Amino acid sequence: MPPIDQSGVLFFRISAMVFQFYRWWFSINSCHPKPAMKVDKTTDTE
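Mapping of the sequence shown onto my numbering: residues -1 to 44, in sequence order.
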């Protein structure tokens, strides 16, 4: 069953791409903090 091997490689490649995209997206969000989670107290203090 060789197709399983290729399928696993494809899944790994897609996972790596998604992981890299999330890291890039998270990096951009870190530069521009958006009201999403821990802004509850930040907005109260300011």
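Note that CB positions come from ideal geometry on N, CA and C, so glycine has one too.
Since the structure is predicted, the reported quantities are computational estimates derived from the model, not experimental observations.
Residue i to residue j span [Cα, whole Å]
| i | j | result |
| --- | --- | --- |
| Phe9 | Phe17 | 12 angstroms |
| Trp22 | Ser28 | 10 angstroms |
| Met15 | Ser25 | 15 angstroms |
| Ser5 | Tyr20 | 22 angstroms |
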